[in-house]
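Read top to bottom, the protein sequences are chains C and Z. Just add 3 to the spot in the first sequence (first one is 1) and you have the working numbering. Just add 14 to the spot in the second sequence (first one is 1) and you have the working numbering. Below is one structure, written out as structure tokens, with a few remarks after it.
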Amino acid sequence: MSGTATTMTDPASTPARDRVLVEARAVRKVFDLGSHFLERTRREVKALNDVSIAVRRGESFCLVGESGCGKSTLARVIMGLLPPSSGEIHFDGTRIDGLRHKARRPFHRRMQMIFQNPYASLNPRRTVRQTLEEPLRFHLPELSDAEVRETVERVMVSVGNDPTWISRYPHEFSGGQRQRISIARALMVDPEFVVADEPISALDVSIQAQVLNVMMDARDQRDLTYLFITHDLSVVRHFGTRVGVMYLGSLCELATTQALFETPRHPYTRILLSAIPRVSTEEMKPPGLPGEVPSAMNLPSGCVFHDRCPLANARCSAEVPRPLAQDDGTLVACHAVEEGRG
Amino acid sequence: MPLLDVRDLRVEFPTRQGVLTALHDVDFTVDRGERLGIVGESGAGKSVAAFAILNLIGRPGRIAGGSILFEGQDLTRLSTHQMRRVRGDRISMIFQDPMMTLNPVLTIGTQMVETLKAHRRIGDAEARRIAITRLGEVKIPSPEKRLESYPHELSGGMRQRVVIAIALLTEPALIIADEPTTALDVTIQAEIMSLMLDLCKTHGVGLILITHDLAVVSQVTQRVVVLYAGRVVETGETARVVQDPVHPYTRGLLAALPGEGTPGARLNQIRGSMPPLTAVPEGCPFNPRCDFVEDRCRDALPALEDLDGHRVRCVRARDLASGVAA
Chain C
4 MSGTATTMTD PASTPARDRV LVEARAVRKV FDLGSHFLER TRREVKALND
54 VSIAVRRGES FCLVGESGCG KSTLARVIMG LLPPSSGEIH FDGTRIDGLR
104 HKARRPFHRR MQMIFQNPYA SLNPRRTVRQ TLEEPLRFHL PELSDAEVRE
154 TVERVMVSVG NDPTWISRYP HEFSGGQRQR ISIARALMVD PEFVVADEPI
204 SALDVSIQAQ VLNVMMDARD QRDLTYLFIT HDLSVVRHFG TRVGVMYLGS
254 LCELATTQAL FETPRHPYTR ILLSAIPRVS TEEMKPPGLP GEVPSAMNLP
304 SGCVFHDRCP LANARCSAEV PRPLAQDDGT LVACHAVEEG RG
Chain Z
15 MPLLDVRDLR VEFPTRQGVL TALHDVDFTV DRGERLGIVG ESGAGKSVAA
65 FAILNLIGRP GRIAGGSILF EGQDLTRLST HQMRRVRGDR ISMIFQDPMM
115 TLNPVLTIGT QMVETLKAHR RIGDAEARRI AITRLGEVKI PSPEKRLESY
165 PHELSGGMRQ RVVIAIALLT EPALIIADEP TTALDVTIQA EIMSLMLDLC
215 KTHGVGLILI THDLAVVSQV TQRVVVLYAG RVVETGETAR VVQDPVHPYT
265 RGLLAALPGE GTPGARLNQI RGSMPPLTAV PEGCPFNPRC DFVEDRCRDA
315 LPALEDLDGH RVRCVRARDL ASGVAA
């Protein structure tokens, strides 16, 4: 599966506004666990296997998949928090993986991240003001104190927080308020691209809606581009413009949100969609997914999903499927879909 | 007579700031083989209710009032010794994190055999035979081999299956499951919940499913209790509550689910957040967040209004149910 970058960049038309802002090209990430002292072989976790995505300006690109599928690893590689083992990351036309500190600094300002757990991602010893002012003073040292104060206040209001809270510490806030402070921190330096890694998973239902609304408002007001990592498909349906479905370090399907929910094609996507609990009077049914996710230390041959797939045949266990474009531009990496089986 | 009849249950925790009441006059029943959902957000008191039934409220917390009738006896009046015969035997509990429930240094087999022998006078061989049967029922492949495994050798989904198998060992009349699938992926959640649903039906076991997830509740339970700030705010048949919710809080929770609205539109959020127990407002505890609030909501706590078996704690329950106020 070499040279997939060209096949993965969506073949759909690209008007000016839909320019690609962030691109991951054929990214691999291998974590070396070292070797056991009795064994010769080195143990490796293959977290990402040749994954390519292209996020267009102004869209909310969602990455979904279950624990261990590599969605957070991909987000971290894109943000530069982890170096890719191979492959390239491009931001607005510039290759940014491997850039040294100084050269990378302007990109840090343009790309920000929101983490899952607002109890862990805010420094408990810093007031909200200290937390929010730091990125401004670092990236925009030319701002005066008055301008910094004014920006902090404005961003706090825009995420629905009371600006008089800024002298308080994180422990004085509820989970939803803290997550809105994290969002405010990400928005302080006026980024173009925000990666949100499960930003609402740790919150209560009524609070999830508040935080999602804040994120959607910020998108509309600031023309933000999101990469949204989640395991919750109902959030994707509401929030996302396009979706990448991942399984065991590989991208199975990449489609517009509407296409994915109306006509899921990859067998794994279909099973995942059927497993979402719905408010309904129908009793819950087993999703029909035999076995368990294999270890990323010992990937199955061929298609990583073949040993659990209802449509698998001999080809699936031998040959890695390439992502192929369907009529509507959806990319599906599946031999069964390609051959029209099932 | 219902299997479990909880009446006017009140649980208090004395603290430096005064006595906090985690549950106020909570009533619910579970019939034999019935599946009841208890729904609420963090701090609503749903886990406290489960712990109270099993008499596991840690000091200085205490059951300050009410009764818990189970198979004809009041669990609040049992001695520690008598309670041990009920807990883990007639009533089993399943917690959210299977790694916390299972002992990491004992094999699955040892844990299952010990559990059985603590409650039954049987030998090791007989206990192992029952353990293997139960592991088979929760669809664990090659159960004989699994008896020799340690918890860390199993995946999260498999561990939770083992916990369910242990809960079934003594053939209890009631299982209390506190967020049993919250830590699991959706496909494994669907697998485990449909398994529990089947087991409850085949064994005729009653189930109390405690969760924050209304979607799961709607697909698993027959009746539901919605808790808010330690009080029952709405209860009735699950299908009716999720399809025609009456209390503004239940309505808000359902409307806030992203799967329901138009994609891309703003979600219907409930403003504010649930008050901590130290600051529950006067009158209806939901009044500062309610869209239908009136002056009388701030004065006195509304009673549970009975709308033909569907009970709602709201002064405007009848208007809201008939659609006048909506």
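Positions of the beta carbon are idealized from the N, C-alpha and C atoms, including for glycine. This one's a predicted model, so the numbers in the text were calculated from it and none came from an experiment.
In this structure, what does DSSP give as the bridge partners for Phe-94 of chain C? The residue you call residue 94 of chain C lines up with position 91 of the first sequence. Paired residues: C:Val-25, C:Thr-97.
Using Cβ-Cβ distances below 7 Å, what residues of the region 271-290 of chain C are close to chain Z? Correct list: Ile-274, Leu-275, Ala-278, Ile-279, Pro-280, Arg-281, Val-282, Ser-283, Thr-284, Glu-285, Glu-286, Met-287, Lys-288, Pro-289, Pro-290.
Please list, in chain order, the chain Z residues whose beta carbon lies closer than 9 Å to that of His-174 of chain C. By 1-based counting over the first sequence, the position of residue 174 of chain C is 171. Within chain Z, no residue comes near His-174 of chain C; the closest Cβ sits about 13 Å away, beyond 9 Å.
Kindly say whether Asn-216 of chain C, judged by its beta-carbon, lies nearer than 9 Å to any beta-carbon of chain Z. Working through the first sequence from its first residue, we reach residue 216 of chain C at position 213. For Asn-216 of chain C, a Cβ of chain Z is located within less than 9 Å of the residue's own Cβ.
Given a cut-off of 9 Å, decide if Thr-97 of chain C and Phe-110 of chain C are closer than it, judged by their beta-carbon atoms. Within the first sequence, numbered from 1, the residue matching residue 110 of chain C stands at position 107. Within the first sequence, numbered from 1, the residue matching residue 97 of chain C stands at position 94. Yes, the pair counts as a contact, with Cβ atoms nearer than the cut-off.
Strictly under 9 Å for the Cβ-Cβ distance: is Asp-350 of chain C near chain Z by that measure? Missing from the structure shown is residue 350 of chain C; chain C here goes from 4 to 345 and no further.
In its own chain, which residues sit with a C-beta less than 8 Å from the C-beta of Leu-215 of chain C, not counting the 5 before and 5 after it? In the first sequence, residue 215 of chain C corresponds to position 212, counting from 1. Taking Leu-215 of chain C as the centre and dropping the five residues before and after it, the same chain places the C-beta of Ile-203, Val-238, His-241, Phe-242 closer than 8 Å to its C-beta, in chain order.
Along the region 228-244 of chain C, what residues have a CB closer than 9 Å to any CB found in chain Z? For the region 228-244 of chain C, the beta-carbon criterion of a distance under 9 Å to any beta-carbon of chain Z is satisfied by His-234, Asp-235, Leu-236, Ser-237, Val-238, Val-239, Arg-240, His-241, Phe-242, Gly-243, Thr-244.
Output yes or no for whether 9 Å exceeds the beta carbon distance between Pro-87 of chain C and Asp-95 of chain C. Numbered from 1 along the first sequence, position 84 holds the residue referred to as residue 87 of chain C. Numbered from 1 along the first sequence, position 92 holds the residue referred to as residue 95 of chain C. Contact flag unset, no.
Closest to Thr-43 of chain Z by CA distance: which of Z:Phe-27, Z:Glu-251, Z:Gln-203, Z:Glu-296 is it? Along the second sequence, one-based indexing puts residue 43 of chain Z at 29. Nearest C-alpha to Thr-43 of chain Z among Z:Phe-27, Z:Glu-251, Z:Gln-203, Z:Glu-296: Z:Glu-251.
Buried versus exposed, by CB contacts within 10 Å (16 or more), Gly-266 of chain Z: Locating residue 266 of chain Z in the second sequence gives position 252, counting from the first residue. Answer is buried; the Cβ neighbour count reaches 16.
Please determine if the region 91-105 of chain Z and the region 185-203 of chain Z are in contact, where contact requires at least 3 C-beta pairs separated by less than 8 Å. The answer is yes - the region 185-203 of chain Z touches the region 91-105 of chain Z, with three or more Cβ pairs under 8 Å.
Identify which residue in C:Arg-281, C:Glu-62, C:Lys-74, C:Arg-60 has its Cα closest to the Cα of Thr-233 of chain C. Walking along the first sequence from the start, residue 233 of chain C turns up at place 230. Here the closest residue by C-alpha is C:Lys-74.
C-alpha gap between Ala-36 of chain Z and Thr-124 of chain Z, whole angstroms: Taking the second sequence and counting its residues from 1, one reaches residue 36 of chain Z at position 22. Taking the second sequence and counting its residues from 1, one reaches residue 124 of chain Z at position 110. Answer to the nearest angstrom: the Cα atoms are 37 Å apart.
Give a yes or no on whether 9 Å exceeds the smallest Cβ distance from Ala-63 of chain Z to chain C. Taking the first residue of the second sequence as position 1, residue 63 of chain Z is located at position 49. Ala-63 of chain Z does not count as touching chain C.
Quick check on the DSSP output: the alpha helix (DSSP H) that includes Glu-150 of chain C runs from which residue to which? Translated into the one-based positions of the first sequence, residue 150 of chain C becomes position 147. Boundaries of the alpha helix (DSSP H) harbouring Glu-150 of chain C: 148-161, taken from the DSSP string.
Beta-carbon proximity check, Leu-257 of chain C vs Arg-188 of chain C, cutoff 9 Å: Here residue 257 of chain C corresponds to residue number 254 of the first sequence, with the count starting at 1. Here residue 188 of chain C corresponds to residue number 185 of the first sequence, with the count starting at 1. In this structure, Leu-257 of chain C keeps its C-beta atom at 9 Å or more from the C-beta atom of Arg-188 of chain C.
The beta strand (DSSP E) spanning Pro-28 of chain Z covers which residue range? Indexing the second sequence from 1 puts residue 28 of chain Z at position 14. Counting along the chain, the beta strand (DSSP E) containing Pro-28 of chain Z begins and ends at 18-29.
Who are the neighbours of Ser-70 of chain C on chain Z, taking C-beta pairs under 7 Å? Position 67 of the first sequence, counting from 1, holds the residue named residue 70 of chain C. Within chain Z, Asp-199 have C-beta atoms less than 7 Å from the C-beta of Ser-70 of chain C, given in sequence order.
How is the alpha helix (DSSP H) around Lys-49 of chain C delimited, first residue to last? Your numbering for residue 49 of chain C matches position 46 in the first sequence. Note, Lys-49 of chain C: premise wrong, no alpha helix (DSSP H); beta strand (DSSP E) at 45-59.
For Asn-5 of chain Z, which residues in chain C fall below 8 Å Cβ to Cβ? Lying outside 15 to 340, the shown extent of chain Z, residue 5 of chain Z is not represented and no answer is given.
Contact set for Thr-9 of chain C: own chain, Cβ-Cβ below 6 Å, skip 5 residues either direction: If you number the first sequence from 1, residue 9 of chain C lands on position 6. For Thr-9 of chain C, the pLDDT reaches just 40, beneath the cut-off of 50, and the residue's location in the model is therefore unreliable, although a value from the coordinates is still provided. Close CB contacts of Thr-9 of chain C within its chain, under the 6 Å cut and outside five residues either way in sequence, are absent.
Could you tell me whether the Cβ of His-39 of chain C comes closer than 9 Å to any Cβ of chain Z? The residue you call residue 39 of chain C lines up with position 36 of the first sequence. Interface flag for His-39 of chain C against chain Z is unset, since no Cβ pair is found closer than 9 Å.
Exposure label - Met-15 of chain Z; buried when at least 16 CB within 10 Å: On the second sequence, residue 15 of chain Z is found 1 positions in, with the first residue counted as 1. Looking at its Cβ environment, which holds fewer than 16 other Cβ atoms inside 10 Å, Met-15 of chain Z is exposed.
Separation of Arg-128 of chain C from Glu-55 of chain Z, as counted between CA atoms: The residue labelled residue 55 of chain Z in the question sits at position 41 within the second sequence. The residue labelled residue 128 of chain C in the question sits at position 125 within the first sequence. Approximately 28 Å between the Cα atoms of the pair.
Residues in the same chain with beta-carbon distance under 6 Å from Arg-101 of chain Z, minus the five sequence neighbours each way, listed in chain order, please. Here residue 101 of chain Z corresponds to residue number 87 of the second sequence, with the count starting at 1. Same-chain partners within the cutoff: Leu-68.
Taking just the CA atoms, how far does Gly-79 of chain Z sit from Arg-24 of chain Z? Taking the second sequence and counting its residues from 1, one reaches residue 24 of chain Z at position 10. Taking the second sequence and counting its residues from 1, one reaches residue 79 of chain Z at position 65. Straight-line measurement puts the Cα of Gly-79 of chain Z at about 5 Å from the Cα of Arg-24 of chain Z.
Option nearest Ser-298 of chain C by Cα separation, candidates C:Glu-42, C:Lys-49, C:Leu-41: Translated into the one-based positions of the first sequence, residue 298 of chain C becomes position 295. The shortest Cα separation from Ser-298 of chain C among C:Glu-42, C:Lys-49, C:Leu-41 belongs to C:Lys-49.
If you follow the beta strand (DSSP E) that Tyr-229 of chain C is in, where does it begin and where does it stop? In the first sequence, the residue the question calls residue 229 of chain C occupies position 226. Residues 228-233.
The beta strand (DSSP E) spanning Ser-93 of chain Z covers which residue range? On the second sequence, residue 93 of chain Z is found 79 positions in, with the first residue counted as 1. Ser-93 of chain Z -> no beta strand (DSSP E), and no H or E assigned at all.
Kindly list, in the order they appear in chain Z, the residues whose Cβ is closer than 7 Å to that of Gly-179 of chain C. Numbered from its first residue, the first sequence carries residue 179 of chain C at position 176. Per Cβ cutoff of 7 Å: Ser-287.
Strictly by DSSP, which residues pair up with Asp-88 of chain Z? For the purposes of this step, residue 88 of chain Z is identified with residue 74 of the second sequence, where counting begins at 1. DSSP output for Asp-88 of chain Z lists Z:Leu-83 as bridge partner(s).
Against chain C, which members of the region 206-237 of chain Z pass a CB distance test of less than 8 Å? Of all residues in the region 206-237 of chain Z, Met-207, Ser-208, Leu-209, Leu-211, His-226, Asp-227, Leu-228, Ala-229, Val-230, Ser-232, Gln-233, Val-234 have a Cβ within less than 8 Å of some Cβ in chain C.
Can you give me the C-alpha to C-alpha distance between Tyr-271 of chain C and Phe-176 of chain C, rounded to a whole angstrom? Taking the first sequence and counting its residues from 1, one reaches residue 271 of chain C at position 268. Taking the first sequence and counting its residues from 1, one reaches residue 176 of chain C at position 173. Rounded to whole angstroms, Tyr-271 of chain C and Phe-176 of chain C show a C-alpha spacing of 39 Å.
Range covered by the beta strand (DSSP E) that runs through Ala-132 of chain Z: Here the question's residue 132 of chain Z lines up with position 118 in the second sequence. It is not in any beta strand (DSSP E) - Ala-132 of chain Z instead sits in the alpha helix (DSSP H) that spans 122-133.
Under 8 Å Cβ to Cβ from His-142 of chain C, same chain only, skipping five residues before and after it: list those, please. Indexing the first sequence from 1 puts residue 142 of chain C at position 139. So the qualifying residues of the chain are Arg-108, His-111, Arg-112, Val-192.
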